[in-house]
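J.: One structure coming up, written as structure tokens, with questions to follow.
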Amino acid sequence: MKRSEEDEFREFVGIRMERWRRAAFLLCHDWHMADDLVGTVVGKLYENWRRVSAADNPDAYAQRVLTRSWIDEHRRPWRREHPAEDVPDPGWSPPDQVADREQLIALLSRLGRRQRAVVVLRFYFDHSVEETAELLGVTTGTVKSQSARALESLRALSHATRRHQ
Numbered sequence: 008m009k010r011s012e013e014d015e016f017r018e019f020v021g022i023r024m025e026r027w028r029r030a031a032f033l034l035c036h037d038w039h040m041a042d043d044l045v046g047t048v049v050g051k052l053y054e055n056w057r058r059v060s061a062a063d064n065p066d067a068y069a070q071r072v073l074t075r076s077w078i079d080e081h082r083r084p085w086r087r088e089h090p091a092e093d094v095p096d097p098g099w100s101p102p103d104q105v106a107d108r109e110q111l112i113a114l115l116s117r118l119g120r121r122q123r124a125v126v127v128l129r130f131y132f133d134h135s136v137e138e139t140a141e142l143l144g145v146t147t148g149t150v151k152s153q154s155a156r157a158l159e160s161l162r163a164l165s166h167a168t169r170r171h172q
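If you count by the working numbering, then the sequence shown holds residues 8 to 172, one letter each, in order.
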């Protein structure tokens, strides 16, 4: 890779890395796994940088690698083991933002993998239905139905949580 390409790559990754990490955490609920997923994204971007940088939307490629890597990770047999829960260190935030974030993370964890991926891509990354479908390799109808089911589940879970508080 030429020096100018490497500089361009470093700038591209540097600007986006923290957002990828937060998105990965929203998908997997584990900061260590989120870091591993981001490492996979960076590695694949680096391997294919000439092609990716020439593409119309390198961000979409990175997000596709992130979500597909997370989905593939759950297919591996060793993922069936469930280590003890670690409390993530979200850093300092005002108390009500911390409570909202923790509630959102807890609610997202109750969704299935596909629904969680759709919610993160549609509402965290702000992708259209068509872009989400392309990133996940599914039809737009699947994205719409998964979005509707996920949002319905999140509403029901949120109402149930509030009633029990």
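Glycine included, C-beta positions come from ideal geometry on N, C-alpha and C.
If we ignore side chains and look at the alpha-carbon of each, how far apart do G50 and H39 end up?
T.: Rounded to the nearest angstrom, the two C-alpha atoms are 17 Å apart.
J.: Determine the extent of the alpha helix (DSSP H) in which Y68 is found, giving its start and end residues.
T.: Element bounds for Y68: P65 to R82.
J.: In angstroms, rounded to a whole number, what distance separates the CA positions of F16 and W56?
T.: Near 7 Å, if we compare the C-alpha coordinates of W56 and F16.
J.: Are L44 and A69 touching if we call contact CB-CB under 8 Å?
T.: Going by C-beta atoms, L44 is not nearer than 8 Å to A69.
J.: Tell me which residues share the same chain as V126 and place their Cβ nearer than 6 Å to its Cβ, disregarding the 5 neighbours each side in the sequence.
T.: Contacts found: A157.
J.: Got a sec: does the ligand ZN put a non-hydrogen atom nearer than 7 Å to the Cβ of A155?
T.: What this structure holds is no ligand at all, so the ligand ZN is not there to describe.
J.: Could you say which of Q122, T139, Q110 and G144 lies nearest to H166 if we only look at CA atoms?
T.: For H166, the nearest C-alpha among the options comes from Q110.
J.: Assuming L142 and T47 form a contact by the criterion Cβ under 8 Å, report the distance between their Cβ atoms to the nearest whole angstrom.
T.: Not quite, the Cβ-Cβ distance comes to about 15 Å (not below 8 Å), so this is no contact.
J.: List the endpoints of the continuous alpha helix (DSSP H) containing D37.
T.: Counting along the chain, D37 falls outside any alpha helix (DSSP H), and DSSP gives it neither H nor E.
J.: How many angstroms separate the CA atom of A124 from the CA atom of E13?
T.: One C-alpha to the other measures close to 30 Å.
J.: Among V20, I22, L33 and S11, which has the Cα closest to the Cα of R117?
T.: Considering only alpha carbons, the answer is L33.
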